[in-house]
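Notes follow once the structure below has been shown.
Numbering (full-length UniProt numbering), first residue to last: 1 to 246.
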């Protein structure tokens, strides 16, 4: 039922469903992992409609990850030719997931990652893993469309932009920067997102949030990219987040 062709279509689908259930705000919206781009687009739709948003959360993730050198190697010739994600695109994305979760000490969490890889490689897995992998790939379709859309904006050579991580990064910053709602960035102490770059890299300390957010605040919790949800402090932050002062 959920449309996956573009990030906007997916976000608009959820916007309409939310408005059906709760016509009036205020609203609280969060994004985690691959859903980060959908969350940004969803917030932008609410913002454009004049709805009140009292809390916008990113959980150990950032739009900047999608244009990091870790991810842009996924844009291969097949993807450029077909304008849709290739098998390599999803393989690179799963390697990125490996990198982001390698600091998690939970055996059950690591087992889930392993099963997602099995599903990718055609091995029979549990139904809920199949569902997770399907969602992962579906979001990738919309993300690929967004990349092509951003690359084409104001450029006579979109393919050159797709092959240039710095150029893509500036476009994703501009796209994310449309959101004017203050950002709450929740980072676990063993952050998978921060581990993508060298420790102490000042540009990556806040996942480059300062490049596209006019107001943002960092909150530290325990755990890693997967196990951060085990920290009771995270739930407390999220429950009281709409009262936090920037």
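The C-beta atom is built at its ideal place from N, Cα and C for all residues, glycine as well.
**Q.** For residue 57 and residue 186, believed in contact at Cβ under 8 angstroms, the rounded distance
**A.** About 6 angstroms separates the two Cβ atoms, so the contact holds.
Q: To the nearest angstrom, report how far apart residue 17 and residue 205 are at their CA atoms.
A: Their Cα atoms are separated by approximately 35 angstroms.
Q | residue 222 - DSSP class collapsed to helix/strand/coil | A | Looking at residue 222 - three-state DSSP - the assignment turns out to be strand.
Q.
Please state the DSSP three-state secondary structure of residue 206.
A. Reduced to three states, the DSSP call for residue 206 is coil.
Q: Measure the Cβ-Cβ separation of residue 202 and residue 69 and say whether it is below 8 angstroms.
A: If you check the CB distance, residue 202 and residue 69 do not come in under 8 angstroms.
**Q.** Simplified DSSP assignment, three categories, for residue 179
**A.** Note: residue 179 maps to coil in three-state DSSP.
Q) Are the Cβ atoms of residue 173 and residue 7 separated by less than 8 angstroms? A) In this structure, residue 7 does not lie closer than 8 angstroms to residue 173 by Cβ.
Q) Just curious, the alpha helix (DSSP H) that residue 110 is in, first and last residue? A) Taken as a continuous stretch (DSSP letters only), the alpha helix (DSSP H) holding residue 110 covers 107-120.
Q) Is the distance from the Cβ of residue 38 to the Cβ of residue 46 below 8 angstroms? A) No, these two residues do not count as a Cβ contact at 8 angstroms.
**Q.** Bridge partner(s) assigned by DSSP for residue 132
**A.** Paired residues: none, contrary to the question.
Q.
For residue 104, count the other beta carbons within 10 Å of its own beta carbon; 16 or more makes it buried, fewer makes it exposed. Which is it?
A. Its Cβ being crowded by 16 or more others within 10 Å, residue 104 is buried.
Q: From the DSSP output, read off the bridge partner residues of residue 190.
A: Paired residues: 224.
**Q.** Where the alpha helix (DSSP H) through residue 54 begins and ends
**A.** Counting along the chain, residue 54 falls outside any alpha helix (DSSP H), though it belongs to the beta strand (DSSP E) covering 53-59.
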